[in-house]
Amino acid sequence: MKNVVIAGATGAVGNEFIKLLEAREFPVKNLRLLASARSIGKKLEFRGEKIPVEQLTSKSFNGVDLAFFSAGRESSKVYIPHAVESGTVVIDNSSAFRMDPDVPLVVPEINPESVFKHKGIIANPNCSTIQMVVALNPIHKAAEVKRVVVSTYQSTAGAGAKGMNELLNQARAWANGEALEISSFPSQILFNLFPHVDIFMENGYTKEEMKMVNETKKIMNTPNMGISATCVRVPVLRSHSEAVWIETEKKITPKEAKEILKKSPGLTVRDEPENGGYPMPWEVDNTLDTFVGRIREDFSHPKGLTFWVVADNLNKGAALNSIQIAEVLEAG
Ligand SMILES: NC(=O)c1ccc[n+]([C@@H]2O[C@H](COP(=O)([O-])OP(=O)(O)OC[C@H]3O[C@@H](n4cnc5c(N)ncnc54)[C@H](OP(=O)(O)O)[C@@H]3O)[C@@H](O)[C@H]2O)c1
3 MKNVVIAGAT GAVGNEFIKL LEAREFPVKN LRLLASARSI GKKLEFRGEK
53 IPVEQLTSKS FNGVDLAFFS AGRESSKVYI PHAVESGTVV IDNSSAFRMD
103 PDVPLVVPEI NPESVFKHKG IIANPNCSTI QMVVALNPIH KAAEVKRVVV
153 STYQSTAGAG AKGMNELLNQ ARAWANGEAL EISSFPSQIL FNLFPHVDIF
203 MENGYTKEEM KMVNETKKIM NTPNMGISAT CVRVPVLRSH SEAVWIETEK
253 KITPKEAKEI LKKSPGLTVR DEPENGGYPM PWEVDNTLDT FVGRIREDFS
303 HPKGLTFWVV ADNLNKGAAL NSIQIAEVLE AG
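Numbering of the sequence shown is given in the numbering used here, commencing with residue 3 and proceeding in unit increments.
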């Protein structure tokens with residue numbers, strides 16, 4: 003049984019941590035909930051008990067075995083070193099340590115053994131990367147993926163609770179004939195979309211796009227894989243979708259790919275040529291698997307395959323993947 007803290011417990015990901023720790027019967031001896039000073043006075047329920055939210059400080063970690071961090075990159079950078087110094091093992095959802103060579107970046111379906119190389123910190127990958135690699139890795143094992151082109155359709159939940167609220171508030175304001183407020187996003191999200199997730203980099207890609215490139219190579223240990231991403235924010239509340247095109251070393255047919263994906267852990271194949279015979283974000287909300295559909299030959303390339311991937315970004319893209327990492331650690 004573990005003494006556990008959640009840093010960022012009041013956020014969109016933190017809320018899922020609390021629900022999933024309870025639902026998965028993770029062996030929690032004592033759970034403490036940490037957030038900013040803004041949240042002092044709030045209470046959140048775990049196993050029928052109302053737990054008061056405490057302020058995250060450098061002294062929050064005495065006697066803590068395990069810390070789940072989802073309080074943003076800056077908080078991770080400031081507070082995780084204090085946690086590690088206290089002997090706490092940290093599973094971090096932010097991008098602060100993901101590309102550090104001393105920090106394992108783990109998706110349990112792919113590289114669970116990396117968990118045991120940790121020196122106090124284990125990083126949880128970016129949400130868009132996780133769902134793509136869960137589908138990509140089984141095909142890579144069978145046919146060696148040489149190149150990946152991906153376009154994402156990312157929900158507002160990827161920008162946290164404030165992202166979802168911005169879409170809902172814009173919908174309400176539009177219905178009432180009022181002006182739409184824009185604060186979390188670069189443009190209006192209602193009735194719109196933009197190819198702009200995170201900041202622009204010098205190479206013309208956005209930081210989110212480069213996370214998908216670099217994190218995929220680290221998780222799958224494929225430094226020479228060609229990867230190009232276009233990340234798009236869409237007016238969906240929760241769950242990210244992706245259109246993925248791949249080129250493989252060995253020819254793989256859609257039928258073979260489907261059979262492989264059906265047998266792969268964490269994946270559900272929904273692929274019927276009929277209305278609704280494909281995964282969609284609204285029905286994937288609050289589920290745990292990564293869903294794949296529209297598996298077909300990419301007839302623009304002799305060894306091309308294309309498919310559609312949808313997953314709940316707050317679950318498999320964040321809290322669930324982190325708890326699965328902790329479960330691997332527990333199982334030893
Ligand atoms: N949303 C996703 O799909 C997703 C997926 C993977 C990873 N992540 C990562 O997870 C983290 C949280 O994301 P989210 O979507 O849950 O965001 P969110 O809904 O905005 O929640 C942010 C949480 O961090 C806390 N926080 C912010 N600044 C803090 C500070 N200085 N000290 C202590 N606590 C602080 C907030 O506390 P208050 O309520 O007190 O402000 C809140 O609990 C981010 O690093 C994000 O990149 C998110």
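Cβ atoms here follow ideal geometry from the backbone N, Cα and C, with glycine treated the same way. None of these values were measured; they are calculated from a predicted model.
Which residues does DSSP pair with residue i in a beta bridge?
i           : result
residue 104 : Beta-bridge pairing links residue 104 to no other residue.
residue 33  : 6
residue 244 : 154 and 311
residue 63  : Looking at the DSSP assignment, residue 63 forms no beta bridge with any residue, so it has no partner.
residue 42  : Partner(s): none; residue 42 has no beta bridge.
residue 333 : Note: residue 333 sits in no beta bridge, so no partner.
residue 306 : 249
residue 230 : 151
residue 69  : 7 and 92
residue 48  : 51
residue 196 : 235
residue 202 : 208
Whole angstroms is fine: what's the gap from residue i's alpha carbon to residue j's?
i           : j           : result
residue 173 : residue 224 : 43 Å
residue 257 : residue 79  : 45 Å
residue 171 : residue 282 : 23 Å
residue 28  : residue 7   : 13 Å
residue 216 : residue 55  : 35 Å
residue 329 : residue 23  : 10 Å
residue 191 : residue 175 : 13 Å
residue 89  : residue 275 : 53 Å
residue 304 : residue 255 : 11 Å
residue 280 : residue 57  : 43 Å
residue 321 : residue 118 : 20 Å
residue 142 : residue 60  : 42 Å
residue 335 : residue 146 : The first residue shown for the chain is 3 and the last is 334, placing residue 335 beyond what the model contains.
residue 266 : residue 164 : 34 Å
residue 3   : residue 30  : 5 Å
residue 68  : residue 232 : 35 Å
residue 83  : residue 34  : 19 Å
Is there at least one non-hydrogen atom of ligand 1 closer than 7 Å to the beta-carbon of residue i?
i           : result
residue 73  : yes
residue 316 : yes
residue 15  : yes
residue 2   : A question about residue 2 goes unanswered here, because the residues of the chain that appear run from 3 up to 334.
residue 43  : no
residue 95  : yes
residue 313 : no
residue 164 : yes
residue 279 : no
residue 268 : no
residue 10  : yes
residue 179 : no
residue 129 : yes
residue 235 : no
residue 77  : yes
residue 185 : no
residue 159 : yes
Would you check if the distance between the CB atom of residue i and the CB atom of residue j is smaller than 8 Å?
i           : j           : result
residue 289 : residue 323 : no
residue 148 : residue 251 : yes
residue 153 : residue 245 : yes
residue 136 : residue 331 : no
residue 198 : residue 315 : no
residue 166 : residue 37  : no
residue 109 : residue 132 : yes
residue 236 : residue 156 : yes
residue 234 : residue 158 : no
residue 85  : residue 46  : no
Determine the extent of the alpha helix (DSSP H) in which residue i is found, giving its start and end residues.
i           : result
residue 136 : 129–145
residue 263 : 256–264
residue 174 : 162–177
residue 218 : 209–222
residue 75  : 75–87
residue 285 : 283–286
I'd like the span of the beta strand (DSSP E) that includes residue i, first residue to last.
i           : result
residue 21  : Careful: residue 21 lies outside any beta strand (DSSP E), inside the alpha helix (DSSP H) at 14–25.
residue 92  : 91–94
residue 272 : Where residue 272 is concerned, there is no enclosing beta strand (DSSP E), given that its DSSP letter is neither H nor E.
residue 51  : 51–57
residue 299 : 292–299
residue 125 : 123–125
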